[in-house]
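Participant: Below is one structure. I have some questions about it.
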Amino acid sequence: MDTASGITHGSPVAPTAIFAGLTTLDVVQLVERMPAPNEKTVAAEFLLAAGGPAANAPLAFAAAGGSPTPATPPPHHPPTPVVTDDLVRHGVTVVVAAGYDGPPITASILVQAATGERAVVSPSSTAASGEVTITSPLPAIDGAGAVLVDGYFRAVALPLAAEARQRGVPVIMDGGSVKAHTEEVLAHADVAVVSADFAPEGTGGRADAVLDWLSERGLSFA
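Below, the structure written as structure tokens:
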């Protein structure tokens, strides 16, 4: 209460956003140098954690004071709680909107201690085309400040992106690479954040050509 003015000042409301897409089980090893072919090396540190676009972005959003809602289809498999429990420990509650059979999409990551350079092996492309079964309602768009989709699991991402666009909620596409459903996702997106590996056919991966390609598809910002 401001006694001089009589105005009550409430706590600021945390921004909210929905993050739809892929979560992975990351197996991270910190090494002094990358091993040569057929060589074993000892890790200085080891980490087992949630990863992938639908985990990393919400974790960063929560750390910045936001209230994230990840919508991701974790698989029906024993290691899955390692992923979801790690998110919960960091203040991120997952909406389990769908599921699929099989092990989690796993990323094996070697990080070089001196430089931070990394090498990653992951079968994440299987998630881009994989079919999932919707088992519960998707998160409500009401109150969301933005929706981020990554091109994985179209059965989850596309309905959320389409409804958000219809309601005037900004839709952001996280494009690490071009996937089978990228153009479908872009049809509902306002903003695209893409990596140097995002190289649509005919662009040769050139930045100017990629930006033109995105502009032709109606993106407001890229």
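Position one of the sequence shown corresponds to residue 1169 (the numbering used here), numbered consecutively onward. Backbone N, C-alpha and C fix where the C-beta goes; we use that ideal spot for every residue, glycine too.
#1: Any idea what DSSP makes of R1257, helix, strand or coil?
#2: Tell me F1389's beta-bridge partners as DSSP assigns them.
#3: Are A1225 and L1354 close, meaning C-beta to C-beta below 8 Å?
#4: On a CA-only basis, which of P1305, G1259, V1359 is nearest E1384? Give me that one, please.
#5: Where does M1341 land, buried or exposed, given buried means 16+ other C-beta within 10 angstroms?
#6: On the CB-based measure, 16 or more other CB atoms within 10 Å of its CB, does V1289 come out buried or exposed?
#7: When the Cα atoms are used, what is the spatial distance from T1283 to A1325?
#8: Should P1236 go down as buried or exposed, given a rule of 16 or more other Cβ atoms within 10 Å for buried?
#9: Assuming F1366 contacts G1344 under a Cβ cut-off of 8 Å, what Cβ separation, rounded to an integer in Å, is found between them?
#10: Please classify P1203: does DSSP put it in a helix, a strand, or coil?
#11: Measure the beta-carbon distance from I1309 to V1337 and round it to whole angstroms, keeping in mind my assumption that it falls under 8 Å.
#12: Give the straight-line distance between the Cα atoms of L1328 and F1389, rounded to the nearest whole angstrom.
#13: Just to confirm, are T1192 and P1242 a CB contact at a threshold of 8 Å?
#14: Does A1330 come out as helix, strand or coil in the three-state DSSP assignment?
#15: Which of the three DSSP states, helix, strand or coil, is assigned to R1318?
#16: Within a Cβ cutoff of 6 Å, which residues of the same chain sit near T1171, ignoring the five residues on either side of it in sequence?
#17: Rounding to the nearest angstrom, what Cα-Cα distance links A1223 and E1369 in this structure?
#18: Take V1250 and list the residues in its own chain whose beta-carbon comes closer than 7 Å to its own, dropping the five residues that flank it on each side.
#19: Compute the beta-carbon to beta-carbon distance between G1220 and A1182, rounded to the nearest angstrom, for a pair I have assumed lies under 8 Å.
#20: Please name the residue, chosen from A1312, L1382, R1335, that lies closest to A1185 on a Cα-to-Cα basis.
Facilitator: From the atom records:
#1: Assigned with DSSP and collapsed to three states, R1257 falls in helix.
#2: V1359, per the DSSP bridge assignment.
#3: Cβ atoms of A1225 and L1354: not closer than 8 Å.
#4: Its Cα nearest to that of E1384, the residue V1359 stands out among P1305, G1259, V1359.
#5: Buried: at least 16 other Cβ atoms inside 10 Å.
#6: Exposed, because fewer than 16 other Cβ atoms sit within 10 Å of the Cβ of V1289.
#7: In this structure, the straight-line span from the alpha carbon of T1283 to that of A1325 is close to 35 Å.
#8: Per the 10 Å Cβ criterion, buried.
#9: The distance from the Cβ of F1366 to that of G1344 is about 7 Å, consistent with a contact at the 8 Å cut-off.
#10: Three-state result, P1203: coil.
#11: Taking the Cβ atoms as the reference, I1309 lies roughly 6 Å from V1337, within the contact range of under 8 Å.
#12: Rounded to the nearest whole angstrom, the C-alpha separation of L1328 and F1389 is 20 Å.
#13: No, these two residues do not count as a Cβ contact at 8 Å.
#14: A1330: helix per DSSP, three-state reduction.
#15: Looking at the sequence provided, one finds Asp at residue 1318 rather than Arg. Residue state, collapsed to three classes: coil.
#16: Only weak support is given to the placement of T1171: the predicted model assigns it a pLDDT of 48, under 50, and the value that follows is read from those uncertain coordinates. Within the same chain, T1171 has no close Cβ partners at all.
#17: A1223 and E1369 have their alpha carbons spaced roughly 29 Å apart.
#18: Apart from the 5 residues on each side of it in sequence, V1250 sits with its Cβ closer than 7 Å to the Cβ of L1193, L1216 in its chain, given in chain order.
#19: So it is not a contact: roughly 23 Å between Cβ atoms.
#20: Among A1312, L1382, R1335, the Cα nearest to that of A1185 belongs to A1312.
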